[in-house]
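In the UniProt record's numbering, the protein residues as written are 1 to 268.
Structure first, commentary second.
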């Protein structure tokens with residue numbers, strides 16, 4: 001397979017792992033949006049870009065001691081990740097090796113992304129939990145909804161409520177994180193299903209409201225409201241399938257055969 005020369009401008013993406021390097025760590029937050037990096041800018045500019053994306057995910061938690069890791073190949077495990085070289089020539093050689101390995105898979109170079117990682121150590125001390133009282137829970141939904149929108153995480157009433165209750169139990173000032181639990185993912189699925197059901201019901205109600213109208217009919221001298229199918233009524237009366245009401249707010253009404261027209265204006 002013919003190799004494409006290493007481009008000057010690379011597409012990069014940052015992931016933040018929760019745990020120690022070279023271990024089986026999970027993503028702490030969703031990956032950053034893709035960003036562009038010029039190889040000629042060197043390590044310092046790359047590190048600055050990574051710091052900016054890190055701060056957008058975890059404000060105030062960046063540390064100068066963080067090492068930057070890269071994924072050397074598409075199928076590499078975390079124990080095979082490499083620390084990004086700081087010296088310009090070594091960095092170029094390191095990236096070129098990753099680029100050449102990408103040639104081995106279909107469209108690997110055409111869709112190349114340099115995958116970068118920061119490992120954020122887990123808190124060793126257990127976090128004391130608070131009682132999730134109603135007042136604390138009610139404070140969380142706006143903050144939770146804004147955070148999930150910012151992180152582009154699909155959520156709804158059930159999953160947002162779960163996250164609000166979880167956050168209400170944590171100490172004041174605890175940074176927000178997307179829950180990494182089976183329960184949260186199940187509630188996300190429930191929210192998606194409920195949104196689909198609600199949408200279908202709304203359409204059905206709108207269609208039903210357009211098909212039927214309430215007409216009062218006297219039965220044994222007593223007015224009884226009855227829902228009548230408008231389509232059937234129009235067909236029985238041989239009326240056209242559109243409204244006969246004038247579109248103008250000004251309507252002229254003849255009160256008597258020999259009286260002039262009276263202009264009646266609809267109140268606004």
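Just so you know, even glycine gets a beta-carbon here, dropped at the ideal spot from N, CA and C.
### Task
Kindly indicate the opening and closing residues of the beta strand (DSSP E) around residue 17.
According to the DSSP assignment, residue 17 belongs to the beta strand (DSSP E) that extends over 9-18.
### Message
Could you give the first and the last residue of the continuous alpha helix (DSSP H) run that contains residue 57?
### Response
Per DSSP, the continuous alpha helix (DSSP H) segment holding residue 57 begins and ends at 42-57.
#### Entry: At least three beta-carbon pairs within less than 8 Å, the segment 100-108 to the segment 128-137
The segment 100-108, when compared against the segment 128-137, does not touch it at the 8 Å Cβ threshold.
### Query
What is the rounded straight-line gap between the Cα of residue 122 and the Cα of residue 18?
Distance between the alpha carbons of residue 122 and residue 18 is about 6 Å.
### Task
Given a cut-off of 8 Å, decide if residue 70 and residue 116 are closer than it, judged by their beta-carbon atoms.
Closer than 8 Å, so yes.
### Message
Could you compute how far the alpha carbon of residue 148 sits from the alpha carbon of residue 22?
### Response
Taking the straight line from one Cα to the other gives about 29 Å.
### Per-residue DSSP class, three states only, for residue 162
Residue state for residue 162 is assigned as helix, using DSSP reduced to three classes.
### Query
Any idea what DSSP makes of residue 36, helix, strand or coil?
Residue 36: strand per DSSP, three-state reduction.
#### Entry: Span of the alpha helix (DSSP H), counted from its first residue to its last, around residue 213
For residue 213, no alpha helix (DSSP H) segment is defined; the enclosing uninterrupted segment is the beta strand (DSSP E) at 212-219.
### Residue burial classification, residue 227 (beta-carbon count within 10 angstroms, cutoff 16)
Answer is exposed; the Cβ neighbour count stays below 16.
### Message
If you reduce the DSSP assignment to three classes, tell me which class residue 241 lands in.
### Response
Coil.
### Task
Could you tell me how far apart the beta carbons of residue 118 and residue 50 are, in whole angstroms, since I believe they sit closer than 8 Å?
About 7 Å; that satisfies the 8 Å criterion.
### Query
Where does residue 175 fall in DSSP's three states?
In this structure, residue 175 counts as coil in the three-state DSSP scheme.
### Query
When the Cα atoms are used, what is the spatial distance from residue 265 to residue 244?
Because residue 265 sits at a pLDDT of 49, beneath the cut-off of 50, its placement in the model cannot be relied upon, and the point is left open.
#### Entry: Endpoints, the beta strand (DSSP E) within which residue 116 is located
Segment 114-120, the beta strand (DSSP E) holding residue 116.
### Query
For the 8 Å Cβ check, are there 3 or more pairs between the segment 91-105 and the segment 34-44?
Yes, the segment 91-105 is in contact with the segment 34-44.
### Task
Could you say which of 54, 10, 48 lies nearest to residue 151 if we only look at CA atoms?
Of 54, 10, 48, the residue nearest in Cα terms is 54.
### Message
If I follow the unbroken alpha helix (DSSP H) through residue 88, where does it start and stop?
### Response
Per DSSP, residue 88 belongs to the alpha helix (DSSP H) from 88-102.
### Task
Compute the Euclidean distance between the alpha carbons of residue 14 and residue 64, then round it to the nearest angstrom.
CA-to-CA, the gap between residue 14 and residue 64 works out to about 16 Å.
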